[in-house]
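Just so you know, we're using the UniProt record's numbering here: the sequence shown kicks off at 1 and counts up by one.
We put the beta carbon where it would ideally sit given N, CA and C, even for glycine.
Since this is a predicted model, take the numbers as computed values, not measurements.
These notes concern the structure reproduced below.
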Amino acid sequence: VSMAEVIGLLGGRYSEVDKVVEVCAAEPCNSLSTGLQCEMDPVSQTQASETLAVRGYSVIGWYHSHPAFDPNPSLRDIDTQAKYQSYFSRGGAKFIGMIVSPYNRNNPLPYSQITCLVISEEISADGSYRLPYKFEVQQMLEEPQWGLVFEKTRWIIEKYRLSHSSVPMDKIFRRDSDLTCLQKLLECMRKTLSKVTNCFMAEEFLTEIENLFLSNYKSNQENGVTEENCTKELLM
Numbered sequence: 001v002s003m004a005e006v007i008g009l010l011g012g013r014y015s016e017v018d019k020v021v022e023v024c025a026a027e028p029c030n031s032l033s034t035g036l037q038c039e040m041d042p043v044s045q046t047q048a049s050e051t052l053a054v055r056g057y058s059v060i061g062w063y064h065s066h067p068a069f070d071p072n073p074s075l076r077d078i079d080t081q082a083k084y085q086s087y088f089s090r091g092g093a094k095f096i097g098m099i100v101s102p103y104n105r106n107n108p109l110p111y112s113q114i115t116c117l118v119i120s121e122e123i124s125a126d127g128s129y130r131l132p133y134k135f136e137v138q139q140m141l142e143e144p145q146w147g148l149v150f151e152k153t154r155w156i157i158e159k160y161r162l163s164h165s166s167v168p169m170d171k172i173f174r175r176d177s178d179l180t181c182l183q184k185l186l187e188c189m190r191k192t193l194s195k196v197t198n199c200f201m202a203e204e205f206l207t208e209i210e211n212l213f214l215s216n217y218k219s220n221q222e223n224g225v226t227e228e229n230c231t232k233e234l235l236m
């Protein structure tokens, strides 16, 4: 819902026996613009950590978006991930990085692209950075906490619908597609929920999400320049 980079923490569990990291929750954080990319606001980061702890999760990673380009880590991303890994590994914890690309102009599909990575100890050929390693993810079969996800969606709508970086959800998301940005979002969520055992509950939930957007999320008609620029980005 935003063409600006968003950022937050990932909560979940790590099994030392199975060597598996389970990502169970994503908690958004406010960002600070450095002129190069967004970084987590320290106060917001602390609040997000506490929220995850209340839900019984450990902080096991962070995420940020590459709104309209490939979800490949930049040198700044690699450096940030390396620092987080170093900090959180002091207690033997694991810490992953996740990059999400919802409107990558090179991706014709309506599904957001996700890259999960860690930073190795190996150094690049030119010696300028540590090599990142991408790994495959498998979707968990646990049913979402529907009420919590719905309230988080409501919060996201309120946060971004009047933002200058807001995505016009009623606009076509690509020139070669008939889907609006809202329909694209719903298709992406439908794929994510495809393994949920109660498919009727999933479809009912998606209908509620759609109605929530339709009733609350409107393109900012008063700011034609912002909407036009944003739409151009989406249609590339």
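Segment limits, beta strand (DSSP E) that includes residue i
i, result
"L117", "113 to 123"
"R130", "130 to 134"
"V59", "58 to 65"
Identity of the residue in the options nearest residue i by Cα
i, options, result
"E27", "V20, K19, I7", "I7"
"P110", "R175, M201, Y160", "R175"
"K184", "M201, P108, S65", "P108"
"L214", "C188, M169, M189, E203", "M169"
"G127", "L75, S65, L117", "L75"
"N72", "N104, I157, Q145", "N104"
"V149", "K83, V21, L212", "L212"
"A152", "E5, K19, C29", "A quick correction: the sequence has Lys, not Ala, at residue 152. Nearest of E5, K19, C29 to K152, Cα basis: C29."
"Y14", "P42, H64, F88", "F88"
"W146", "Q47, A25, A68, I172", "A25"
"K159", "E22, V43, S31, L52", "S31"
"V1", "R161, I119, S194", "R161"
"A93", "T180, K195, G12", "G12"
"D79", "I123, T46, E50", "I123"
Separation of residue j from residue i, as counted between CA atoms
i, j, result
"V59", "M3", "26 angstroms"
"Y133", "G61", "15 angstroms"
"D77", "L9", "14 angstroms"
"S177", "W155", "28 angstroms"
"S165", "F200", "34 angstroms"
"Y57", "N216", "31 angstroms"
"E222", "F95", "Bear in mind that the predicted position of E222 carries a pLDDT of just 42, short of 50, making it too unreliable to give a figure here."
"E39", "V20", "27 angstroms"
"F135", "Y63", "15 angstroms"
"R90", "K83", "12 angstroms"
"S163", "Y129", "35 angstroms"
"S86", "K171", "42 angstroms"
"D18", "D70", "31 angstroms"
"L117", "L131", "10 angstroms"
"Q113", "H66", "10 angstroms"
"R55", "A125", "43 angstroms"
"A48", "S120", "27 angstroms"
"E5", "E143", "28 angstroms"
"P42", "A53", "17 angstroms"
Residue i, enclosing alpha helix (DSSP H) - first and last residue
i, result
"I99", "It is not in any alpha helix (DSSP H) - I99 instead sits in the beta strand (DSSP E) that spans 96 to 101."
"F150", "146 to 160"
"D77", "75 to 88"
"M174", "For clarity, residue 174 is Arg in the given sequence; the question names Met instead. Per DSSP, R174 belongs to no alpha helix (DSSP H) and is neither H nor E."
"L182", "181 to 192"
Any C-beta of chain D under 7 angstroms from that of residue i
i, result
"F205", "Although the question refers to chain D, the structure presented lacks it and comprises just one protein chain."
At least 3 beta-carbon pairs within less than 8 angstroms: the region 123 to 139 vs the region 100 to 113: Fewer than three Cβ pairs drawn from the region 123 to 139 and the region 100 to 113 lie within less than 8 angstroms of each other, which leaves the two stretches out of contact.
Ranges of the alpha helix (DSSP H) found wholly within the region 6 to 41, counting only runs of at least 4: The DSSP assignment places no complete alpha helix (DSSP H) segment of no fewer than 4 residues inside the region 6 to 41.
Touching by the beta-carbon criterion (3+ pairs, under 8 angstroms), the region 177 to 193 and the region 201 to 211: The region 177 to 193 is in contact with the region 201 to 211.
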